[in-house]
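J.: Numbering (the numbering used here), first residue to last: 29 to 1065.
1. Buried or exposed: which applies to residue 820, given that a residue is buried once 16 or more other Cβ atoms fall within 10 Å of its Cβ?
2. Mind listing, in chain order, the continuous beta strand (DSSP E) runs of no fewer than 3 residues lying wholly within the region 555-622?
3. Under 8 Å between the Cβ atoms of residue 482 and residue 660?
4. In this structure, what does DSSP give as the bridge partners for residue 1047?
5. Which of the three DSSP states is assigned to residue 114 in this structure?
6. Starting from the Cα of residue 953, find the closest Cα among 604, 526 and 932 and give me that residue.
7. Could you tell me the distance, in whole angstroms, from the CA atom of residue 436 to the CA atom of residue 936?
8. Exposed or buried, residue 1058, counting other C-beta atoms within 10 Å across all chains shown (16 or more means buried)?
9. Mapping the DSSP letters down to three states, classify residue 703 as helix, strand or coil.
10. Based on the DSSP output, what are the partners of residue 921 in its beta bridges?
11. Which residue marks the beginning of the beta strand (DSSP E) containing residue 984, and which one marks its end?
12. What are the boundary residues of the alpha helix (DSSP H) that includes residue 754?
13. Over what stretch of residues does the alpha helix (DSSP H) that includes residue 426 continue unbroken?
14. Residue 415 lies in the alpha helix (DSSP H); which residues open and close that run?
15. Can you grab the Cα-Cα spacing for the pair residue 458 / residue 700, in whole Å?
16. What does the alpha-carbon distance come out to for the pair residue 1008 and residue 351?
17. Count the other C-beta atoms from every protein chain shown that fall within 10 angstroms of the C-beta of residue 45, then say buried if there are 16 or more, exposed otherwise.
18. Return the chain-ordered list of same chain residues with a C-beta closer than 6 Å to the C-beta of residue 910, the five sequence neighbours on each side being excluded.
19. Could you check whether residue 801 and residue 766 sit closer than 8 Å to each other, using their CB atoms as the reference points?
20. Starting from residue 399 and walking both ways along the alpha helix (DSSP H), at which residues does that stretch end?
21. Hey, would you say residue 902 sits closer than 8 Å to residue 825, going by beta carbons?
22. Can you list, in chain order, the residues of its chain with a C-beta nearer than 6 Å to that of residue 484? Leave out the 5 residues immediately preceding and following it.
23. Excluding sequence positions up to five away, which residues of its chain have a Cβ less than 8 Å from the Cβ of residue 693?
24. Please report how far the alpha carbon of residue 439 lies from the alpha carbon of residue 576, in whole angstroms.
25. Indicate the three-state DSSP secondary structure (helix, strand or coil) for residue 836 in the structure shown.
26. At 4 residues or longer, and completely inside the region 478-550: list those alpha helix (DSSP H) runs for me, N to C.
27. Measuring straight from C-alpha to C-alpha, what distance separates residue 981 and residue 1012?
28. Beta strand (DSSP E) containing residue 980: first to last residue?
29. Locate the alpha helix (DSSP H) running through residue 343, then write down its first and last residues.
30. Just to confirm the assignment, what range does the alpha helix (DSSP H) spanning residue 780 have?
31. What residues in its chain sit with their C-beta under 7 Å from that of residue 544, if we drop five residues either side in the sequence?
32. Nearest CA to the CA of residue 332: which residue from 798, 841 and 890?
33. Are the region 361-369 and the region 502-518 in contact at 8 Å, needing three or more beta carbon pairs?
34. Check whether the region 443-453 and the region 395-402 touch, using three or more Cβ-Cβ pairs below 8 Å as the test.
35. Can you grab the Cα-Cα spacing for the pair residue 52 / residue 41, in whole Å?
36. Report yes if the C-beta distance between residue 793 and residue 762 is below 8 Å; otherwise report no.
In structure tokens, the structure reads:
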């Protein structure tokens, strides 16, 4: 090592040489910064624009500026295509005056400050006092100087030239523009779309191209073609109060255009943003939404009024529902046992290999009488039936734990992750517990999916939005509390205009999962054989790297359960379908078989005495909600596991009374709170349709509620920051926009592609939905009723409407007859004790109500009504069928009626015990099999009010007549019956007369096999009518 004294010293010559090199390098750097930096920042040097806020600020009002000196960088803007360029403006922005005259803090956000300032200094803010820009585009004869606080503004207008182009209106800037040239630091740039002057994102615009104009108008929620606003007038907000003030002051402009108003609105939003930022340190949410920057500084501003106004309940309906669905606090606590919930075993699931779970079981059977039976119940993967394993008597806890662990591992292996442990307590009471386990969490195969979010969809089947507000007071109060709480960890959106696709679940799930409706007029057995088709949507998420779960609270054997979704008839065929499906796990769904059985139920569609479904002092839905939460927690703690797409369906509300759903209230509130803290999970909580089988559905308002379910979407704020302000603004506005499950599906598909980091593409429910949307714009089934006012018009229940009711019921009877004939052709024995028809009776009109009409898109008329038909001795209820008939609305000739839908309102499940084989139970009314009371004469079949006339041998014509108040014939119904056992007929029906309108064009030709009856037509007439029958007979094979 050298000593200090021996080190080499730098001489004077070397020092001077080093100093010269330093100054040369320093000079070159300055030259580069001065000459090249503006081109680099503006994006001109490399042929692409700087990705800043400038594309939003690229406004034609800046074309008025000839020269801007912004913090020592100079831009010259000249219009070389016009004859003169004589105006000049010079601006110094050392300090920008605040709107209250104070000095703005320098540490404010540059985007907000700069936008406001540029709009001010460019002569478009009336607060600056620029009030003499001529309306005809000709400058005044004197120069004017204007000042505002700390801002120095000099506007010089030349009087030498009379053709200086100063636009009076924003649209004028797009007219007759020549070639604009920008000189940037002395270098000529021809027609750039924008020039960014600094990181503060100030933009000096030249000319907006057609595409650029469309882009800026579209981003401001306007029509890019016309410039007109796509939203209706909103409620007054602080921003709009400022707009109104500015509009009043801006006397320099002609009548403002929609495009101009939008730009003024952007200006004023920026002003408010600067003030908001100064106070709170956060950007104004309205600006965040406009600039599409990722932010959760989201303010729930008033939403523009939609054109769809939801129907309003009548005073009678409000009184009825208030009494019928009054809150019953006593059902909140389970009453299946007096003792608290038992805990014989505890399950602890721990991580293994950062992606799977290990089971640890700890049991304590000290409360059990070990001298009596102790049992482990599990579901056999071979046949789907519950089996019991008897624990050896006097087994200690360790031995029991080993047995439970052995069965638990086997249950998870076969995707049946639950067990029941039972014993007899010291007091002789049964002690039972359900143990649930998570499936093995599949690991990620591609790390690019690691940031993806989980999707949690929770369906509360059969709850209308009004019934949600009646039955969930704790949840509703909680939603109100968190709505304006800035510290709450999530945005919870509550949607007011969610339109059901249909009044039943399968049709709605078809829309969500398959993205389609069931084929038009697909009914009866063909409809029963058509699957919901869950795989398309599950496949989208499976392909995108998700693990998937379909969880419900129905036993697999139960009707409308998972077997009905896949249209299979056995456990083995179900397992075969599931193995090739896109569903990874069914979770604890099959535990419902035991829970429902303990509640003496096969299906949860009928209310019990206690209005509860409980097991071990806990509601069934508590196990469901806990399982979802546990699953999401496990994924959150195992980052190498796949994200989850989960769809859960609970039927707690799908009963025939409408009270039991109240038991979900406090648990749903807690579930929303938990989901709000899941930073990487988006939750959708909704009903697919309203209440279906309660007595309230006999009312018009009750029927309307069927198509107006509720929906909530929970977006944690950490996720919201990634989604971006544009999506948040859309969700906020869509709370008062009309949509259905097709929009939700579109949004879910986009979420499957979402990388979890960049802004979410606004589409579907996350996109901007037009405020003027109507039900005509939605894809709905023909049976659906629109939730908007004015969709239908109520009409009086006159005798005239019976022509439509009789036609609809006649066509339904013809369907029943066709099913019977089809079964007979397949060899199903025919009950010869019946004169015609079978156990399912020929339906007969008793009365009609709730008649409504509407014009369709093609100009035809749709008539909807509730038709009451005869009841049976099996169910003591009012049998109601809602029918919809399409007609041409003619007042002469023929209505050209077509039955386009029928919907059974009354309960029909019990009729499965007596329905004829092959007949759709939705159409059937039959007697108790123990007391069938067969109809042995034709009058029993067609009704005592029918006039039966023998035509020849065993062929009879049937006529019913409905008179008006003056006892004059108004509506007539024609049918025909063949009572022969070995002869068939071909009958031709024709009618003629004055003032007659037939349901169907004549001639009408029907074929009558032996022992059948057919509906022919209805006729509305005020005069005489002549009926002609042509009959051909032949022997039946």
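We treat Cβ as the ideally placed atom computed from N, Cα and C, and that holds for glycine. Values in this document were obtained by computation on a predicted structure and should not be read as measured data.
T.: Taking the geometry as given:
1. Here residue 820 refers to the residue found at position 792 of the chain shown. Buried.
2. 575-580
3. Translated into the one-based positions of the chain shown, residue 482 becomes position 454. Translated into the one-based positions of the chain shown, residue 660 becomes position 632. Yes, Cβ-Cβ distance for residue 482 and residue 660 is below 8 Å.
4. The residue you call residue 1047 lines up with position 1019 of the chain shown. Partner(s): 1000 and 1026.
5. Residue 114 sits at position 86 when you count from the first residue of the chain shown. Because the pLDDT of residue 114 is 32, which lies under 50, any placement of that residue in the model is unreliable, and the number read from its coordinates should be weighed accordingly. It is coil, neither helix nor strand.
6. As a first step, residue 953 is located in the chain shown; it is residue number 925 there, counting from the start. Residue 953 has its Cα closest to that of 932, out of 604, 526 and 932.
7. Counting from 1 along the chain shown, the entry for residue 436 is found at position 408. Counting from 1 along the chain shown, the entry for residue 936 is found at position 908. Taking the straight line joining both Cα atoms gives about 40 Å.
8. Stepping through the chain shown from its first residue, residue 1058 is reached at position 1030. Under this definition residue 1058 is an exposed residue.
9. Counting from 1 along the chain shown, the entry for residue 703 is found at position 675. Three-state result, residue 703: helix.
10. Locating residue 921 in the chain shown gives position 893, counting from the first residue. 1025.
11. Along the chain shown, read from residue 1 onward, the residue named residue 984 stands at position 956. Where residue 984 is concerned, the enclosing beta strand (DSSP E) stretches over 983-991.
12. In the chain shown, residue 754 corresponds to position 726, counting from 1. Here the alpha helix (DSSP H) through residue 754 covers 753-762.
13. The residue given as residue 426 occupies position 398 in the chain shown. Segment 425-441, the alpha helix (DSSP H) holding residue 426.
14. Walking along the chain shown from the start, residue 415 turns up at place 387. Unbroken run through residue 415 is the beta strand (DSSP E), 414-419; no alpha helix (DSSP H).
15. As a first step, residue 458 must be located in the chain shown, where it is residue number 430. As a first step, residue 700 must be located in the chain shown, where it is residue number 672. Answer to the nearest angstrom: the Cα atoms are 34 Å apart.
16. Position 980 of the chain shown, counted from the start, is the residue given in the question as residue 1008. Position 323 of the chain shown, counted from the start, is the residue given in the question as residue 351. Approximately 55 Å, taken between the alpha carbons.
17. Translated into positions along the chain shown, residue 45 becomes position 17. Counting Cβ neighbours within 10 Å, residue 45 comes out exposed, since fewer than 16 surround it.
18. Locating residue 910 in the chain shown gives position 882, counting from the first residue. Only 894, 931 and 933 meet the Cβ criterion.
19. Your numbering for residue 766 matches position 738 in the chain shown. Your numbering for residue 801 matches position 773 in the chain shown. Contact flag set, yes.
20. The residue given as residue 399 occupies position 371 in the chain shown. First-last for residue 399: undefined, no H or E at that position.
21. Numbered from 1 along the chain shown, position 874 holds the residue referred to as residue 902. Numbered from 1 along the chain shown, position 797 holds the residue referred to as residue 825. No.
22. Residue numbering aside, residue 484 sits at position 456 when the chain shown is read from its first letter. Here the set comprises 674, 709 and 711.
23. The residue given as residue 693 occupies position 665 in the chain shown. The answer, listed in chain order, is 360, 499, 500, 501, 502 and 503.
24. Looking up residue 439 in the chain shown gives position 411. Looking up residue 576 in the chain shown gives position 548. Taking the straight line joining both Cα atoms gives about 18 Å.
25. For the purposes of this step, residue 836 is taken as the residue at position 808 of the chain shown. Correct three-state label for residue 836: helix.
26. 493-499, 501-511 and 533-537
27. Residue mapping note: residue 981 aligns to position 953 of the chain shown, counting from 1. Residue mapping note: residue 1012 aligns to position 984 of the chain shown, counting from 1. About 12 Å.
28. Counting from 1 along the chain shown, the entry for residue 980 is found at position 952. Taken as a continuous stretch (DSSP letters only), the beta strand (DSSP E) holding residue 980 covers 975-980.
29. Indexing the chain shown from 1 puts residue 343 at position 315. Where residue 343 is concerned, the enclosing alpha helix (DSSP H) stretches over 343-352.
30. To locate residue 780, count along the chain shown from 1; it is residue 752. Here the alpha helix (DSSP H) through residue 780 covers 769-781.
31. Translated into positions along the chain shown, residue 544 becomes position 516. Once the five neighbours on either side are set aside, the close Cβ partners of residue 544 are 538.
32. Indexing the chain shown from 1 puts residue 332 at position 304. For residue 332, the nearest C-alpha among the options comes from 798.
33. no
34. yes
35. For the purposes of this step, residue 52 is taken as residue 24 along the chain shown, with counting starting at 1. For the purposes of this step, residue 41 is taken as residue 13 along the chain shown, with counting starting at 1. If you take the alpha carbons of residue 52 and residue 41, they lie about 17 Å apart.
36. Within the chain shown, residue 793 is the residue found at index 765, counting from 1. Within the chain shown, residue 762 is the residue found at index 734, counting from 1. Taking 8 Å as the Cβ cut-off, residue 793 and residue 762 qualify as a contacting pair.
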